[in-house]
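Residue numbers (our numbering): 84 to 293. Comments concern the structure below.
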Ligand code: SF4
């Protein structure tokens, strides 16, 4: 949805998430989302972060580092492959894992797409707690719209950001490619909160991420 949307629509999404056993809240802007995240992270928590533009747009990671937190963030320019792999695995053992989402259906289902899988895996099992942030641009009315979104709205700019020459990076549309560099390989639907993973979803009434 192109935000901002009505309070009633956001109430509907939050109610749907709660029905699916998520903790959920909506906030008017990124500043309030940032405050909630920082309030929810304890002094000794190690924080993992997936490949998420949304979380970076909230500008929480530098604050957490300044507060002395260990932050498992694999977006390190020119880091050796082995180091990046190690950080991806450590994300799965973090106390709190932060991520955006690729699509949030108004009925509360959360849809994500991943190439390697550390981000979607960490949303499901491993970290002590998960905080997901969904800008209103991620909210869609149907599961079909979520699938359309993850392939045609989320993935092309991600491929461009990573300088990966997939067909969608050139055309802006999914071609269901057979590229060896294909970045969409695992699609997950969180139908309900994963049983052993306390998960807070923060819906933000402004656009964030892809
Ligand atoms: S299948 Fe290929 S073309 Fe389609 S979104 Fe994924 S990487 Fe892009």
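Just so you know, even glycine gets a beta-carbon here, dropped at the ideal spot from N, CA and C.
Look up residue i in the DSSP assignment and give the residues it is bridged to.
| i | result |
| --- | --- |
| residue 131 | 155, 180 |
| residue 272 | 194 |
| residue 106 | 283 |
Tell me the DSSP secondary structure of residue i in three-state form.
| i | result |
| --- | --- |
| residue 88 | coil |
| residue 143 | coil |
| residue 289 | coil |
| residue 136 | helix |
| residue 124 | coil |
| residue 162 | coil |
| residue 256 | coil |
| residue 265 | coil |
| residue 114 | helix |
| residue 174 | helix |
| residue 95 | helix |
Within a Cβ cutoff of 8 Å, which residues of the same chain sit near residue i, ignoring the five residues on either side of it in sequence?
| i | result |
| --- | --- |
| residue 288 | 86, 87, 88, 93, 109, 110, 111, 112, 219 |
| residue 143 | 117, 120, 121, 181 |
| residue 192 | 103, 226, 229, 272, 273, 274 |
| residue 141 | 113, 116, 117, 120, 216, 291 |
| residue 269 | 196, 197, 198, 200, 203 |
Cβ of residue i versus every heavy atom of the ligand HEM: is any distance shorter than 7 Å?
| i | result |
| --- | --- |
| residue 219 | Only the ligand SF4 can be found as ligands here, which leaves the ligand HEM out of the picture. |
Could you tell me which of the options sits nearest to residue i, measuring between CA atoms?
| i | options | result |
| --- | --- | --- |
| residue 120 | 285, 185, 193 | 285 |
| residue 157 | 146, 173, 212, 126 | 173 |
| residue 264 | 198, 209, 193 | 198 |
| residue 175 | 249, 163, 187, 154 | 154 |
| residue 190 | 96, 91, 84, 90 | 96 |
| residue 131 | 247, 150, 211, 161 | 211 |
| residue 127 | 205, 177, 185 | 177 |
| residue 207 | 123, 239, 279, 293 | 279 |
| residue 245 | 259, 267, 146 | 267 |
| residue 185 | 149, 240, 233 | 233 |
| residue 209 | 262, 129, 152 | 129 |
| residue 151 | 241, 125, 259 | 125 |
I'd like the list of long-range same chain contacts for residue i, defined as Cβ closer than 6 Å, with 5 residues on each side in sequence excluded.
| i | result |
| --- | --- |
| residue 235 | 256, 257 |
| residue 104 | 275, 276 |
| residue 243 | 252 |
| residue 171 | 157, 201 |
| residue 282 | 105, 213, 276 |
| residue 187 | 193, 217, 221, 222 |
| residue 133 | 182, 202 |
| residue 84 | 219, 222 |
Who are the near neighbours of residue i in its chain, counting only those whose CB is closer than 7 Å to its CB and skipping five residues on each side?
| i | result |
| --- | --- |
| residue 99 | 189, 190, 191 |
| residue 248 | 264 |
| residue 237 | 185, 196, 293 |
Note to self: To test your reading of the DSSP string, which unbroken alpha helix (DSSP H) runs of 4 or more residues are found completely within the region 187-253?
What the structure shows: 201-207, 226-232, 238-244
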